[in-house]
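Chemist: In this note's numbering, the protein residues as written are 14 to 323.
1. Rounded to whole angstroms, what is the Cα-Cα separation between residue 72 and residue 225?
2. Sorted by chain position, which residues of the same chain lie with C-beta nearer than 8 Å to residue 297's C-beta, five sequence neighbours on each side aside?
3. What's the call for residue 316, buried or exposed, on a 16-neighbour Cβ count within 10 Å?
4. Let me confirm a value: residue 295 is counted as buried when at least 16 other C-beta atoms fall within 10 Å, else exposed. Which label applies?
5. Leaving aside the five residues before and after residue 280 along the sequence, list all residues of the same chain whose C-beta is less than 8 Å from its C-beta, in chain order.
6. Closest to residue 219 by CA distance: which of 209, 196, 255 is it?
7. Just to confirm before moving on: does the CB-CB distance between residue 321 and residue 176 stay below 7 Å?
8. Quickly, what does DSSP pair residue 60 with across the bridge? List them, please.
9. Check residue 308 in the structure and name its three-state DSSP category.
10. Between the Cα of residue 181 and those of 165, 208, 265, 156, spot the shortest distance and give me the residue it belongs to.
11. Rounded to a whole number of angstroms, what is the C-alpha to C-alpha distance between residue 22 and residue 93?
12. How long is the line joining the alpha carbons of residue 222 and residue 216, rounded to whole angstroms?
13. State the CB to CB distance for the pair residue 153 and residue 87, rounded to an integer number of angstroms; the pair is presumed to be in contact (CB under 8 Å).
14. Taking the CB atoms as reference points, tell me whether residue 263 and residue 145 lie closer together than 7 Å.
15. How is the beta strand (DSSP E) around residue 269 delimited, first residue to last?
16. Which residue marks the beginning of the alpha helix (DSSP H) containing residue 323, and which one marks its end?
17. Among 227, 139, 122, 105, which residue has its Cα nearest to the Cα of residue 214?
18. Taking DSSP's pairing of strands, which residues face residue 103 in a bridge?
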């Protein structure tokens with residue numbers, strides 16, 4: 014007596030799930046190198062930023078204490094969309110035990126899911142500048158990389174994290190001094206930011222040039238008199254990342270060591286990680302297999318990020 018096809022879906026789902034997982038994990042995801050990875054158990058997440066208090070003032074004996082109020086900078090909510098992809102397997106394929114065909118299709122879903130997540134995550138970095146198609150806006154209502162970030166108090170200090178020109182020693186030096194001179198929303202020194210990672214798109218010109226700029230000899234490239242490297246010993250602690258999913262080959266993103274540790278920093282938030290489900294569909298005389306995930310990207314702060322569009 015022939016085995017009924019009704020049990021095929023339940024029996025093989027575990028196999029296809031493993032095939033999908035192996036395919037998705039065959040290449041490590043890139044975006045965790047430039048984003049925090051978070052998870053959420055809520056249908057949305059709300060991020061709130063505040064400017065703290067001002068400086069203390071002199072208090073005379075038995076005199077009044079000066080009070081100050083924090084200022085809310087803004088609120089941003091993250092909702093989660095669903096991305097899904099599936100394939101169908103006919104009862105005939107099951108009856109004829111066409112495992113290889115179905116297995117290759119399941120493997121292809123793993124490739125598609127991984128690629129989709131990478132493209133979704135890269136939208137943050139492909140849209141950090143005001144001139145990008147859909148700029149990612151921070152708590153201050155400006156694009157994450159902008160020349161007109163203004164601290165809320167006191168007096169509104171204007172700060173720019175927008176660099177100019179292509180990758181070069183000058184651009185890296187600009188980032189170095191930008192991080193060194195950062196101010197908080199209160200106008201205080203925002204200490205602790207130093208260059209940590211330089212992110213570029215894969216390019217036959219840019220990548221070798223960056224390696225030459227950082228150098229390994231302690232000397233500047235292209236200088237006949239062996240001029241000492243302006244970045245000094247810090248150049249050896251800088252990491253570089255060729256981010257495949259940057260669409261602008263001239264874009265350079267420079268991150269500080271605090272960029273990814275800040276509560277509202279660049280983040281990928283998983284509501285549901287990729288998961289597979291299956292069901293029989295007698296109307297097509299086959300079984301359906303689908304993989305889906307729910308996630309979104311977020312960034313509310315700009316401090317710790319310095320970038321140039323080339």
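All C-beta atoms, glycine included, are put in the ideal place defined by N, C-alpha and C. Predicted, not measured: the structure shown is a model, and the values here were computed from it.
Modeler: Taking the geometry as given:
1. 56 Å
2. Scanning its chain for C-beta atoms nearer than 8 Å, with the 5 sequence neighbours on each side dropped, one finds around residue 297 the residues 101, 103, in chain order.
3. For residue 316, the number of other beta carbons within 10 angstroms of its own is at least 16, and it is reported as buried.
4. Under this definition residue 295 is an exposed residue.
5. 48, 49, 50, 51, 310, 311, 312
6. 255
7. yes
8. In DSSP, residue 60 forms a bridge with 89.
9. Residue 308: strand per DSSP, three-state reduction.
10. 265
11. In this predicted model, residue 22 has a pLDDT of only 48, less than 50, meaning its place in the structure is not dependable; the value taken from the coordinates is given anyway. For residue 22 and residue 93, the distance between alpha carbons rounds to 29 Å.
12. Cα to Cα, the separation comes out at about 10 Å.
13. That pair is a contact at about 7 Å.
14. no
15. Start and end: 265 to 269.
16. In the DSSP annotation of this structure, residue 323 is not part of any alpha helix (DSSP H), being labelled neither H nor E.
17. 139
18. In the DSSP assignment, residue 103 forms a beta bridge with 299.
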